[in-house]
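Student: In my numbering, the protein residues as written are 2 to 198. Every residue, glycine too, gets a C-beta built ideally from N, C-alpha and C. Every value quoted in this text rests on a predicted model; they were computed, and no experiment measured them.
(1) Who are the Cβ neighbours of residue 121 in its own chain at under 7 Å, not counting the five residues just before and after it?
(2) Could you check if residue 2 is buried or exposed, using at least 16 other CB atoms within 10 Å of its CB as the buried criterion?
(3) State the Cα-Cα distance for the pair residue 144 and residue 159, rounded to the nearest angstrom.
(4) At which residues does the alpha helix (DSSP H) containing residue 98 begin and terminate?
(5) Using DSSP bridges, identify the partner residues of residue 122.
(6) Compute the beta-carbon to beta-carbon distance between residue 178 and residue 153, rounded to the nearest angstrom, for a pair I have assumed lies under 8 Å.
(7) Apply the 10 Å Cβ neighbour rule to residue 52 and answer buried if 16 or more other Cβ atoms are within range, or exposed otherwise.
(8) Going along the chain, which residues of its own chain have a beta-carbon closer than 7 Å to the beta-carbon of residue 185, five neighbours each way excluded?
(9) Which of helix, strand or coil does DSSP assign to residue 67?
(10) Where does residue 50 sit, in a helix, a strand or coil, going by DSSP?
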């Protein structure tokens, strides 16, 4: 039988508290209380335990994200610069500028990195596909700013594209993808009449 001492636990607890935004002082405060270990464990527990349905939805969402990145590829800002032949000394600036100008979008992946789905670029021209910026501008407000919800819009079969995915249909018929984005925005506006677009 292995008995853990406070010396064994201290580094692990210090790491756990640090991840929760605490400090060594917080460890001492909690551990010195009348209940010691139980007080510390209680402080480290989540405030609410997620339901099994919530956990299952999160699992499915992670699967969709992995599938999206596998299907379309994703480039870091530095890789975007390399792929389009940028000579800028700041390897991140080009992709960041294009994202700020709403010509492309990014998704966040752990630990805290933005990556840019590959279908957005015309690598022969060294530029974003112009239609991507037009589609982003046409989408409803909740989608156009980027992130995973937007990424999954590009990967969801659309009735406006005869049940094809916008990302896959982009090279074949960019005008149809733009029309699908406008139709999505129209539906959203009808469902949310009090919100400005």
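Tutor: With the given structure in hand:
(1) 105, 129, 130, 133
(2) Only weak support exists for where residue 2 lies, its pLDDT of 43 falling under 50; the value from the coordinates is given anyway. Answer is exposed; the Cβ neighbour count stays below 16.
(3) 15 Å
(4) Its alpha helix (DSSP H) spans residues 94-101.
(5) 129
(6) Your pair residue 178 and residue 153 does not check out as a contact, with CB atoms roughly 15 Å apart and the cut at 8 Å.
(7) Around the CB of residue 52, fewer than 16 other CB atoms lie within 10 Å, so the residue is classed as exposed.
(8) 140, 141
(9) Residue 67 sits in a helix when the DSSP states are folded into three classes.
(10) Reduced to three states, the DSSP call for residue 50 is coil.
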